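A.B. asks: Let me give you the structure first, and then I'll get to my questions.
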Amino acid sequence: MTHDAPRRDEPVPRLADALAIVREAPRGPTVLMLDAKDGAPWSSETVERLAALIAPVRERVYVGTPADWNLRRLRAVDPDVALTFDPQYYLEAKGSDSPLPGRDGAYGYHDAHPLAFRRTVPPAAYLRERVAALLDLVPGIREFHVRLALFEQMEDDGFNVIAAAHDAGVLVDLWTLDAGTPRWRERLVRALDAGTDILTTNTPRELSRAVS
Numbered sequence: 006m007t008h009d010a011p012r013r014d015e016p017v018p019r020l021a022d023a024l025a026i027v028r029e030a031p032r033g034p035t036v037l038m039l040d041a042k043d044g045a046p047w048s049s050e051t052v053e054r055l056a057a058l059i060a061p062v063r064e065r066v067y068v069g070t071p072a073d074w075n076l077r078r079l080r081a082v083d084p085d086v087a088l089t090f091d092p093q094y095y096l097e098a099k100g101s102d103s104p105l106p107g108r109d110g111a112y113g114y115h116d117a118h119p120l121a122f123r124r125t126v127p128p129a130a131y132l133r134e135r136v137a138a139l140l141d142l143v144p145g146i147r148e149f150h151v152r153l154a155l156f157e158q159m160e161d162d163g164f165n166v167i168a169a170a171h172d173a174g175v176l177v178d179l180w181t182l183d184a185g186t187p188r189w190r191e192r193l194v195r196a197l198d199a200g201t202d203i204l205t206t207n208t209p210r211e212l213s214r215a216v217s
């Protein structure tokens, strides 16, 4: 699902309106992904209200955010809600301009973990331990959302983050790959060969045709 540019003559749609559309739509493979961008801690009132809004269509809604603390708060209120986690606040690809995680680590990643202060083991061994810890930050996540460039850098270092997530019973969504971007066909094949479950894209038809 994508969004159009805001229109001044139309009100901002509410979450309740979007969930009403999901509730009334015929059942099928499509789910609504609620991608929360705000990292501020959710109040207990916010969490309870969100859980109540989702409850009637829980099986067709995923909630995701890099803010693992908010996911844990929602999990405590609703143990059955489908959660997705993006580790970008903790681990990012080399050259990331994100203010988090805060600095470049010794293994070549944007990574402020104490173990990244200096190299003590091969990169693949470090990444294996690092990703295992990240997967445990939120109990019972359905999907692990990984920036495509981060996946590629990890694979270049001999570590398949997709396989590691699968071993933990978690699906992987790589983001974002669009047709027409540099080397997009090559990157598509690489992601599929590595076993990704989902590819986030703004050009699904073009990607589908490229592998059909």
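Throughout the sequence shown, residue numbering follows our numbering, covering 6 to 217 in sequence. In this text, a Cβ means the ideal position worked out from N, Cα and C, and glycines have one as well. Quick caveat, the model's predicted, so the values are computed rather than measured.
On the criterion of 16 or more Cβ atoms from any shown chain inside 10 Å, does E148 qualify as buried, or is it exposed?
C.D. replies: In the sequence shown, counting from the first residue as 1, residue 148 sits at position 143. Buried, by the Cβ-count rule.
A.B. asks: For W180, write down the residues that DSSP places opposite it in a beta bridge.
C.D. replies: Here residue 180 refers to the residue found at position 175 of the sequence shown. W180 pairs with R152.
A.B. asks: Give the secondary structure of D109 by DSSP, where H, G and I count as helix, E and B as strand, and everything else as coil.
C.D. replies: In the sequence shown, counting from the first residue as 1, residue 109 sits at position 104. D109: strand per DSSP, three-state reduction.
A.B. asks: Considering only the alpha carbon of each residue, which of L58, P104, E29, A170 lies closest to L79?
C.D. replies: Reading the sequence shown from its first residue, position 74 is the one you call residue 79. Among L58, P104, E29, A170, the Cα nearest to that of L79 is on L58.
A.B. asks: Please state the DSSP three-state secondary structure of R39.
C.D. replies: If you number the sequence shown from 1, residue 39 lands on position 34. First, the amino acid is wrong: residue 39 is Leu here, not Arg. In the structure shown, L39 sits in a strand (DSSP, three-state: E or B).
A.B. asks: Nearest CA to the CA of R214: which residue from A184, T205, R188, R28?
C.D. replies: Reading the sequence shown from its first residue, position 209 is the one you call residue 214. Checked all of A184, T205, R188, R28; the closest Cα to R214 is A184.
A.B. asks: Given this structure, state the Cα-to-Cα distance separating R195 from E50, to the nearest angstrom.
C.D. replies: The sequence position of residue 195 within the sequence shown is 190, counting from 1. The sequence position of residue 50 within the sequence shown is 45, counting from 1. Spanning the two alpha carbons is a distance of roughly 43 angstroms.
A.B. asks: Pick helix, strand or coil for Y67, following the three-state DSSP scheme.
C.D. replies: Counted from its first residue, the sequence shown places residue 67 at position 62. It is a strand residue.
A.B. asks: On the criterion of 16 or more Cβ atoms from any shown chain inside 10 Å, does W47 qualify as buried, or is it exposed?
C.D. replies: One-based indexing of the sequence shown puts residue 47 at position 42. Answer is buried; the Cβ neighbour count reaches 16.
A.B. asks: With DSSP as the reference, label T206 as helix, strand or coil.
C.D. replies: Mapped onto the sequence shown, residue 206 falls at position 201. Looking at T206 - three-state DSSP - the assignment turns out to be coil, as it is neither helix nor strand.
A.B. asks: Assess, as a yes-or-no matter, whether the stretch 101-111 is touched by the stretch 79-91 under the definition of 3 or more beta carbon pairs within less than 8 angstroms.
C.D. replies: Not touching, per the Cβ criterion.
A.B. asks: Roughly how many whole angstroms lie between the Cα atoms of G69 and M38?
C.D. replies: Residue numbering aside, residue 69 sits at position 64 when the sequence shown is read from its first letter. Residue numbering aside, residue 38 sits at position 33 when the sequence shown is read from its first letter. Each residue's Cα considered, the two are about 7 angstroms apart.
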